[in-house]
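Residues 2 to 318, numbered by our numbering, are exactly what the sequence shown covers, in order. All residues carry an ideal CB built from backbone N, CA and C; glycine is no exception. No experiment lies behind these values; they were computed from the predicted model shown. Accompanying notes for the structure given below.
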Amino acid sequence: MITALAGGVGAARLLRGLVRVVAPTEVTAVVNTGDDTELHGLHISPDLDTVTYTLAGLNDDERGWGLAGETWEVMDSLERLGGQTWFRLGDHDLATHLFRTQRLADGATLSQVTAEISRALGVSVRLVPMSDDPVRTHLKLVDGPEVSFQEYFVGRRHAVAVESVRFAGAGTAVPAPGVLDAVADAEVVIVCPSNPIVSIGPLLAVPGIADGLTTRRRDVVAVSPIIAGAALKGPADRLLAELGHEPTVVGVARVYADFVGTLLVDEADAASADAVEACGVRCVVAPTIMHTPEHAAALASLLLDAGRASGTLRSVR
Ligand code: GDP
Ligand code: CA
């Protein structure tokens with residue numbers, strides 16, 4: 002079994018490649034729910050949906066979120082009523098949120114609903130939310146209020162400086178069923194190229210997950226979401242810097258050093274390999290930009306090789 006820790010788009014892309022080199026039924030993805038939000042009375046789980054839609058082949062690759070061929074009749078009608086439309090929900094996407102919300106109201110857990118949705122959409126990777134308990138990412142803005150993740154990311158287009166981040170509810174959250182076993186029993190644990198602060202951070206804040214990873218450190222392989230000092234998309238580079246980390250592969254290595262044995266960095270960062278290893282993390286240099294599913298498969302293959310070889314290589318820590 003291979004276990005992947007996942008945020009949204011970067012993770013979804015990698016998983017789409019991973020299932021080309023490993024049987025999908027052998028893959029478990031533990032997905033961030035810190036971005037989850039309630040809108041119009043609906044429970045929305047953006048990262049779970051991004052991963053599910055991508056693995057189902059239903060995602061809109063260009064937009065990066067939501068379903069391909071989506072229509073927006075409900076949002077248009079809502080706008081006429083003066084309703085909240087800053088967070089765009091497509092007509093077909095809304096069905097997912099209606100289904101999830103109803104099932105949760107019936108008493109199902111988020112894990113159960115996630116399994117039901119992925120089964121219905123033909124996804125055979127096991128997708129597990131990090132916790133069935135609510136964990137919500139909040140960001141305190143510099144000279145501003147504390148806002149929810151979606152208010153920061155969508156509402157303010159992450160164009161504001163952040164002073165601190167907290168994961169409300171994480172302290173008392175319990176890992177979802179199967180999460181700790183998925184980390185303990187995996188042949189290789191992959192940390193997807195996701196935002197270290199707001200996508201991987203919430204997973205680490207759920208008691209038990211970070212400890213489980215540390216125990217498996219030698220077999221944990223991460224892909225840097227930072228390439229040549231910048232995120233490909235989104236605020237990962239700025240968030241790292243604002244919270245006092247170096248926005249480089251070395252900064253990522255330092256943030257991950259306690260629980261990651263090997264960091265894959267892009268060829269553009271080859272010159273930083275020694276500095277990464279100086280953090281006690283083995284460094285593998287490779288092309289890491291997933292332009293196509295074929296690139297993603299090649300990257301996944303390298304990650305598996307790196308993870309499987311970890312036992313035979315010198316331990317850097
Ligand atoms: P979300 O989609 O907003 O939930 O964000 P993620 O947590 O998935 O993080 C996006 C991060 O993934 C950004 O920092 C990107 O730089 C990184 N990313 C996206 N695609 C790729 C890729 O093809 N290669 C690498 N190395 N990083 C990527
Ligand atoms: Ca996300």
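Identity of the residue in the options nearest residue i by Cα
i    : options                   : result
D144 : G156, V161 and G209       : V161
M291 : G8, L16 and T51           : L16
L56  : V124, V10, S149 and H296  : V124
W66  : Q103, L49, H44 and E164   : L49
V10  : S165, V166, S195 and L128 : S195
T173 : V207, E152 and V166       : V207
V190 : A269, R309, T86 and I118  : R309
A287 : G42, A299 and A185        : A299
V250 : D238, I201 and H98        : D238
V30  : S165, E117, P294 and C193 : Reading off the sequence shown, one finds Ala at residue 30, where the question assumed Val. A30 has its Cα closest to that of C193, out of S165, E117, P294 and C193.
E188 : V22, R81 and E27          : E27
E295 : T4, G18 and A7            : G18
R167 : M131, L142 and Y54        : L142
V222 : L264, R21, V126 and R158  : L264
G42  : A183, R21 and Q103        : Q103
Same chain only: Cβ atoms within 8 angstroms of residue i, ignoring 5 sequence neighbours per side
i    : result
R255 : H246, E247 and C280
F150 : G35, D36, T38, R137, T138, H139, L140 and V199
L105 : H44, L111 and V114
D271 : What sits at residue 271 in the sequence shown is Ala, not Asp. V286, listed in sequence order.
Neighbourhood of residue i by C-beta, 7 angstroms cutoff - its chain only, sequence neighbours within 5 removed
i    : result
D306 : none
D133 : T110, L111, S112 and A177
F88  : L40, Q151 and V155
D61  : G67, L68, A69 and E71
Own chain partners of residue i with C-beta closer than 6 angstroms, once the 5 adjacent residues on each side are dropped
i    : result
R14  : M291 and A297
P135 : G170
D267 : I228 and T289
Residue i at chain D interface by Cβ criterion, 8 angstroms
i    : result
V192 : Absence of chain D from the displayed structure is noted, only one protein chain being present.
Report the residue ranges of all alpha helix (DSSP H) runs contained in full by the region 42-70; include only those spanning at least 4 residues, in chain order. The region 42-70 contains these whole alpha helix (DSSP H) runs: 47-56.
Give, in chain order, every unbroken run of the alpha helix (DSSP H) that is at least 4 residues long and sits entirely within the region 99-153. Runs of the alpha helix (DSSP H) inside the region 99-153: 111-121.
Taking the runs of the alpha helix (DSSP H) that are 4 residues or longer, which of them lie wholly in the region 194-277? Those alpha helix (DSSP H) runs which fall completely within the region 194-277 and span 4+ residues are 202-206, 210-216, 237-243 and 250-257.
Any chance the region 58-74 sits against the region 82-98, with 3 or more Cβ pairs inside 8 angstroms? With the cut-off at 8 angstroms, the region 58-74 and the region 82-98 touch.
To test your reading of the DSSP string, which unbroken beta strand (DSSP E) runs of 3 or more residues are found completely within the region 169-196? Runs of the beta strand (DSSP E) lying entirely within the region 169-196 and spanning at least 3 residues, in chain order: 189-192.
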